[in-house]
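Every number in our numbering is 8 more than the matching position in the sequence shown, counting from 1.
For every residue, glycine included, the Cβ atom is placed at its ideal position computed from N, Cα and C.
Encoded as structure tokens, the structure appears first; notes follow it.
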Amino acid sequence: ANQQALGDFPRAGTLVVHYAVDVSQLQGTATYTIDLATGAFIDDLNTPPVTGAGGFDGKTPWMREISGVSITQEGGDRVAVAVNEAYRNANLWWRADRGGAQVSYVGREQADTGQLDHLAVTPRGGARFDAWFDADSHRLLRTAEPQMFFKTQETYGDYRRFGKVLLAGTRTVDFGTGPSNIQKMKVTRVEQAPARAPSAYARPTAPARGGALVGGAVTDTVPFRLLNNHVYIEARVNGKGPYTFIVDTGGHTLLSPRLVKEVGLHSVGEAANSGAGDKTETTGYAHYDEIAIGKARLHDQVGFATNIYEPPIEGIQVDGMIGFEYFSRFAVRLDYGAHTMTTTDFAHFDAQAAGTAIPFKFYDHLPQVTGAIDGLPALFDVDSGSRSEIDVTAPFVVKHQLRDKYSRGVRAITGWGVGGPARGYVVRLPSLTFHGIRVDDVVAGLSESKAGSFSDPSYDGNVGGGFLKRFAVTFDYSHQVLYLRRLEPQPADAGRFDRSGMWINAANDAYEVKSVAANSPAAAAGLAEGDLITSLNGDPAVADHLSDARAMLRTLPAGTDVSVKFKRSTGSEQSTTLKLRDQI
């Protein structure tokens, strides 16, 4: 009935649909190029200053992200999502065998627009998506499918003819992250052309621009501070600074509102940005001329203007972030033993002393590797911006009943980033295998998240700085390989978890208690959420020493008495003794 409703819709050749686009308070254009026989596609978005593209040649999906770098997308759910889009592009459900898909009729449903016929469709090589057709006209009105940790819905309306082709004149894509991220498209022009070769839909291979080492250097090393298992370096933006930037393989170029104002950048647009927490942050887009880190330069690019870490979370002012845009232009070694970051031109990178080579696939902009959680096969995202050793995603926890398997643990805040605090049940894993490299006695957060990246069923664990700091880690994004070289001796707090039972953030001349675990040493000492610790183990509470204070509560032996002076809301200072105890 749907095929009949669209009349003589072409079954072969190339269809190019041009759209006017409105998204994140930005306006521009989009061009969708589709092979009508196979569904291969290129989706090209241009909403200045933001541009991007994605495509699928029938075998390998790819994306071109905001800074112009094109990478394959073979991790997580990326292949399945591309297969689904190609299936719909080619209307493979019209075929007698439904294009090899499993198709079931869910039922007839009432909607504001009338009655809808609801189908569940699982293409061969794809994943289930749902489709709703108008019960009278039989035109497709809506599709829905999970993509990463987003609940994506697409609606179609204003069907009309463009030449000989009957198409929806409007399309709306809602990622479920708020009104600002809804992408609204209106058809402006449609072209038909002969079929193109499959190679026309393959990933562009032009080298990435926008990054270089200056002064004739081919490699450069700068020191970094390791705070809360995060790597911080100094950077200058458009010649101003220095500013403190976090180095995050799981992130993008982020610029804080303070930096944007001081440097004189102009932020435009408004979008919602999600992370490990359940909430979102508001993001704009700002063009910069140059970010300088030692002799390395990122230039003439667009960064995301957004809050990163408020000073209470890290104890310091965090002004920016370097992430995918940096790692995609240089080979980068984070030596957690020497506390140095070495940046090398890809053409001169020598892996001889880098350690064990581990291939990875890209899941969006994150490296993803194979491994195992206590013998259970798993996929890991590698995220230097996470402070944890590993956070196990909520779907993997439920699937393998890990809460029952590891009953000794504590429910606690496991991190704090974009989206606020991330909570989980913290346990000790007998082992974690990272593509053949085994590490014993690993601290793991068993996520309880209902939203955010830890609710994503397309990967199983997020490996962070707490695990990576056992190694010198080298990332070669150009060949999709990372290298691990074990450090000897291992860091003193590797495999250690907080022995106090509380999470503290910095406050004015104090550490604020943000949570207290039930039946923990902190609870036994009478400490409560909202208390302001003014002295810890005889040392005054200083924001810049927050990371040291957290590390002390991990590394002092169980049974140690720690003196605490604190204030309640009444303002009177009190004293107590915190007897540290292993909680996992």
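Which runs of the beta strand (DSSP E) fall wholly inside the region 209 to 268 and span at least 3 residues, in chain order? Within the region 209 to 268, the complete beta strand (DSSP E) runs of at least 3 residues are 219 to 221, 227 to 231, 233 to 235, 238 to 245, 248 to 255.
According to DSSP, Leu148 sits in a beta bridge with which residue or residues? Note: Leu148 sits in a beta bridge opposite Phe141.
Alpha-carbon spacing of Ala386 relative to Gly62, whole angstroms: Looking at the two C-alpha atoms, the distance is approximately 27 Å.
Contacts around His443, its chain only, beta-carbon distance under 7 Å, and the 5 residues preceding and following it disregarded: Around His443: Ile366, Val377, Thr378, Gly379.
Could you check what DSSP says for His373 in three-state terms: helix, strand or coil? Residue state, collapsed to three classes: coil.
Over the uninterrupted alpha helix (DSSP H) stretch that includes Tyr334, give me the two end residues. Start and end: 332 to 335.
Between the region 494 to 512 and the region 579 to 590, do at least 3 Cβ pairs fall closer than 8 Å? Flag = yes, the region 494 to 512 and the region 579 to 590 touch.
Which term fits Pro529, buried or exposed, when burial requires 16 or more other beta carbons within 10 angstroms of its beta carbon? Per the 10 Å Cβ criterion, buried.
Secondary structure of Gln11, DSSP reduced to three states: Correct three-state label for Gln11: helix.
According to DSSP, simplified to helix, strand and coil, what is Gly283? With a pLDDT of only 49 at Gly283, under the threshold of 50, the placement of this residue in the model should not be trusted, and no figure is reported.
Shortest alpha-carbon distance to Pro187 belongs to which of Val31, Arg341, Gln582? Nearest neighbour of Pro187 by Cα position, chosen from Val31, Arg341, Gln582, turns out to be Val31.
Where Ile316 falls: helix, strand or coil (DSSP): Taken through DSSP and simplified to helix, strand or coil, Ile316 comes out as coil.
Rounded to the nearest angstrom, what separates Tyr488 and Ser455 at their Cα positions? Correcting the residue type first, residue 488 is Gln in the shown sequence and not Tyr. Cα to Cα, Gln488 sits roughly 28 Å from Ser455.
Can you tell me whether Asn470 is buried or exposed? The criterion is at least 16 other CB atoms within 10 Å of its CB, across all chains shown. Answer is buried; the Cβ neighbour count reaches 16.
contact_flag[the region 200 to 214, the region 21 to 28] where n(CB pairs < 8 Å) is 3 or more: Taking 8 Å as the limit for Cβ pairs, the verdict is that the region 21 to 28 does touch the region 200 to 214.
Whether Val400 touches Ile421 by CB criterion (8 Å): Going by C-beta atoms, Val400 is not nearer than 8 Å to Ile421.
Work out the CA separation of Ala104 and Val91 for me, nearest whole Å. Their Cα atoms are separated by approximately 19 Å.
Report the CB separation of Lys194 from Ala9 in whole angstroms; it is logged as a contact under 8 Å. Contact between Lys194 and Ala9 fails: their C-beta atoms lie close to 26 Å from each other, not under 8 Å.
Sorted by chain position, which residues of the same chain lie with C-beta nearer than 7 Å to Phe158's C-beta, five sequence neighbours on each side aside? Apart from the 5 residues on each side of it in sequence, Phe158 sits with its Cβ closer than 7 Å to the Cβ of Phe183, Gly184, Thr185 in its chain, given in chain order.
Nearest-angstrom Cα separation, counted from Glu73 out to Leu262: Between Leu262 and Glu73, the alpha-carbon positions lie close to 14 Å from each other.
Nearer than 7 Å: is that true of the beta carbon of Ala518 relative to any heavy atom of the ligand SAM? Although the ligand SAM was asked about, the structure shown includes no ligands whatsoever.
Please say whether Arg493 and Asn236 have beta carbons closer to each other than 8 Å? No, they are not a contact pair.
Within 10 angstroms of its Cβ, does Lys369 collect 16 or more other Cβ (buried), or is it exposed? Here Lys369 is buried: its Cβ has 16 or more other Cβ atoms, across all protein chains shown, within 10 Å.
Under the three-state reduction of DSSP, which class applies to Val405: helix, strand or coil? It is helical.
Tell me whether the beta-carbon of Phe312 lies closer than 8 Å to the beta-carbon of Ser486. No. Outside cutoff.
Would you tell me roughly how many angstroms separate the C-alpha atoms of Phe141 and His307, rounded to the nearest one? Rounded to whole angstroms, Phe141 and His307 show a C-alpha spacing of 48 Å.
Give the straight-line distance between the Cα atoms of Asp343 and Ala362, rounded to the nearest whole angstrom. The C-alpha of Ala362 is placed about 10 Å away from the C-alpha of Asp343.
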